[in-house]
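Notes for the one structure printed next.
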Amino acid sequence: MASDARDQIELLFRRYGKGVGGYVLTRVGDAELAEEITARVFLTVVRRFDQVRGREAAWLWAVVRSELSRHYRSLRPHCPPDEDHPDSTGSPEEALLRREAHEQLASALERLPENLHRLIYLKFFLGLRNLEIARACGLTPSNVGVLLHRALRQLRTWLEEPLPFHPRSEDERPTS
Amino acid sequence: MNDPPHDLTEGWPNDPENADLARFAEELQRSLPQLPDAALQRIERRLTHEADRLPRRRWPWLRLGVVAAGILLLALAWTAPRLLVRPPGVAPSEDWVVDSFPMELARPPAAIAPERPLVRLNENQSLFID
């Protein structure tokens, strides 16, 4: 691999690795599994880096979604990952509360429309400014602000209510 | 997370609930889970290893392709002249395909003089007089 491509990948990882890891952890609720999926995301980045045409954050989003979909398709209903690898940090009560909070957040994120979900990911997980998000998504910065406002209001409503169910998109539903 | 965004309320429309929503946004930002640093370091090592491995994995295919193309070219260069050109000094044998045949054209019949003129000018002379 050319050294400039390698430098760009390392830069990409240093900039977005933590955010992608946090997002994946929110979605799957298990640190070991999140580490594995995040690693797969960035291995895909290494292998397909020549496909990036600007808009790295948007491309990374597509890779993350693809890896998560693959993970959910491969899941078996009787074997949830967080039972295999329980959260070992803090007391059991804290771990349970944390897990519930993450599940609730993951559920609320999944209930958001795809475009709003992506904006929350780019703003809160990757830490991009509205201008960068606008460039990544082909929107105007003011439009990004309005859509984020709408997404947050929706998230707040859902996170304040008790968790009634755990909806997932069709392709992410575990198959038996 | 990476560096948190400078302003979580950037570009929001005017709304009386904005103060509450801003608190919610900050709380959300703080509560997002993060992978441990050790996990991120392990991922970075795997990533570096893969980036190192990639050129070694690609070069053999490239070399193999070049070698195969070279062999094909040599084979073509050796066989093509033999297929297209008859070697000098080799007479065509009886078995060879004959693709030319002698042919005789029939002679045209001798011209026959008409028994009477095609136009009887003498009999129709009146037609040409004004």
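These protein sequences, in sequence, are chains H and Z.
Just so we're aligned, residue 1018 is where the first sequence starts under the working numbering, counting upward by one.
Just so we're aligned, residue 199 is where the second sequence starts under the working numbering, counting upward by one.
Every residue gets a Cβ at the ideal spot worked out from N, C-alpha and C, and that includes glycine.
Of the residues the options, the one placed nearest residue i, counting alpha carbons only
i	options	result
proline 211(Z)	Arg1170(H), Leu1176(H), Glu1178(H) and Trp1175(H)	Arg1170(H)
phenylalanine 1066(H)	Leu1136(H), Glu1131(H) and Arg1023(H)	Arg1023(H)
tyrosine 1033(H)	Leu1139(H), Ala1123(H), Thr1061(H) and Arg1167(H)	Leu1139(H)
asparagine 1132(H)	Glu1111(H), His1166(H) and Arg1115(H)	His1166(H)
histidine 1119(H)	Ser1020(H), Gln1025(H) and Ala1051(H)	Ala1051(H)
leucine 1172(H)	Pro306(Z), Pro214(Z), Leu219(Z) and Leu303(Z)	Leu219(Z)
glutamate 1084(H)	Glu1110(H), Pro1109(H), Leu1092(H) and Arg1057(H)	Arg1057(H)
valine 1080(H)	Thr1061(H), Ser1020(H) and Thr1174(H)	Thr1061(H)
valine 1069(H)	Ala1153(H), Ser1159(H) and Leu1114(H)	Ala1153(H)
leucine 1145(H)	Pro1109(H), Lys1035(H), Asp1021(H) and Ser1020(H)	Lys1035(H)
glutamate 1178(H)	Ile1150(H), Glu1149(H) and Glu1117(H)	Glu1117(H)
aspartate 250(Z)	Ala1168(H), Ser1020(H), Ile1150(H) and Ser1159(H)	Ser1020(H)
threonine 1174(H)	Phe222(Z), Pro214(Z) and Asp213(Z)	Phe222(Z)
Beta carbon of residue i nearer than 8 Å to that of residue j
i	j	result
threonine 1055(H)	isoleucine 241(Z)	yes
glutamate 342(Z)	asparagine 1147(H)	What the structure shows of chain Z is the stretch from 199 to 328, and residue 342(Z) is not part of that stretch, so it cannot be assessed.
leucine 245(Z)	valine 1063(H)	yes
phenylalanine 1141(H)	glutamine 227(Z)	yes
alanine 237(Z)	alanine 1048(H)	yes
leucine 252(Z)	glutamate 224(Z)	no
glutamine 1121(H)	leucine 1077(H)	no
valine 1161(H)	leucine 1136(H)	yes
Inset, instruction - May I ask you to list, following chain order, the residues of the stretch 1042 to 1061 of chain H that have a beta carbon less than 7 Å from some beta carbon of chain Z? - result: Leu1042, Thr1043, Ala1048, Ala1051, Glu1052, Thr1055, Ala1056, Phe1059 and Leu1060
Legend entry - Touch test, the stretch 1066 to 1083 of chain H against the stretch 1025 to 1036 of chain H, Cβ-Cβ under 8 Å, three pairs minimum: yes
Legend entry - contact_flag[the stretch 233 to 246 of chain Z, the stretch 1039 to 1057 of chain H] where n(CB pairs < 8 Å) is 3 or more: yes
Legend entry - Every unbroken alpha helix (DSSP H) within the stretch 1052 to 1126 of chain H, with a cutoff of 4 residues, ordered by chain: 1073 to 1091 and 1098 to 1101
Inset, instruction - Scan the stretch 1131 to 1174 of chain H and note each continuous alpha helix (DSSP H) run of 4 residues or more that stays entirely inside, going in chain order. - result: 1131 to 1137 and 1147 to 1154
Legend entry - Three-pair Cβ contact test at 8 Å for the stretch 1116 to 1136 of chain H versus the stretch 1039 to 1058 of chain H: yes
Inset, instruction - Pull out every residue of the stretch 1064 to 1095 of chain H whose Cβ sits closer than 8 Å to any Cβ of chain Z, in chain order. - result: Arg1064
Legend entry - Interface residues of the stretch 1115 to 1144 of chain H facing chain Z [CB-CB below 9 Å]: Arg1115, Ala1118, His1119, Leu1122, Ile1137, Lys1140, Phe1141, Phe1142, Leu1143 and Gly1144
Legend entry - Interface residues of the stretch 1021 to 1034 of chain H facing chain Z [CB-CB below 9 Å]: Ala1022, Arg1023, Ile1026, Glu1027, Phe1030, Arg1031, Arg1032, Tyr1033 and Gly1034
Legend entry - Positions along the stretch 1149 to 1163 of chain H whose CB lies within less than 7 Å of some CB in chain Z: Pro1158, Ser1159, Val1161, Gly1162 and Val1163
Legend entry - Chain-ordered residues of the stretch 268 to 281 of chain Z with a beta carbon less than 7 Å from chain H: none
Inset, instruction - Return the chain-ordered ranges of every alpha helix (DSSP H) run that is complete within the stretch 302 to 327 of chain Z and spans a minimum of 4 residues. - result: none
Inset, instruction - Check each residue of the stretch 231 to 242 of chain Z: if its Cβ is closer than 8 Å to any Cβ of chain H, include it; give the result in chain order. - result: Pro231, Gln232, Leu233, Pro234, Ala237, Leu238, Arg240, Ile241 and Glu242
Legend entry - 4-residue-minimum alpha helix (DSSP H) runs that sit fully inside the stretch 216 to 276 of chain Z, ordered along the chain: 216 to 229
Inset, instruction - Using a Cβ-Cβ cut-off of less than 9 Å, give me the residues of the stretch 205 to 218 of chain Z that come near chain H, in sequence order. - result: Asp205, Leu206, Thr207, Glu208, Gly209, Trp210, Pro211, Asp213, Glu215, Asn216 and Asp218
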